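So the sequence shown is numbered by the working numbering: it starts at 4 and just counts up by one.
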Amino acid sequence: MNSFNPGDSIRLNGTSAEVIKTYSVGDIEYLRAYVEDAGVKTVCIDDVRIESKPDQLGELEP
Numbered sequence: 004m005n006s007f008n009p010g011d012s013i014r015l016n017g018t019s020a021e022v023i024k025t026y027s028v029g030d031i032e033y034l035r036a037y038v039e040d041a042g043v044k045t046v047c048i049d050d051v052r053i054e055s056k057p058d059q060l061g062e063l064e065p
């Protein structure tokens, strides 16, 4: 299974998004997310490029 949790900020194919949930059907993993300017989408994790966005609060820490 993947390491995404609800509320995680990610980039989905280069667009900002927030994870709603992840689940699998058999061996296929899916991610449901709110995608900026596109709304809610469900995608197969193997078919998209997903990048973690850095935690903005982490930038303030020394």
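Glycine included, each C-beta is placed from N, C-alpha and C at the ideal position.
This one's a predicted model, so the numbers in the text were calculated from it and none came from an experiment.
In this structure, the straight-line span from the alpha carbon of G29 to that of I23 is close to 20 Å. Around S19, the same chain offers E39 as residues with beta carbons nearer than 6 Å, after the five sequence neighbours per side are excluded. Its chain contains N16 as the residues whose beta carbon lies nearer than 6 Å to that of R52, once the 5 sequence neighbours on both sides are disregarded; these appear in chain order.
In the DSSP assignment, I31 forms a beta bridge with V28. The C-beta distance from T45 to Y33 rounds to 6 Å, short enough to fall under 8 Å. Rounded to the nearest angstrom, the gap between the Cα atoms of E54 and R14 is 5 Å.
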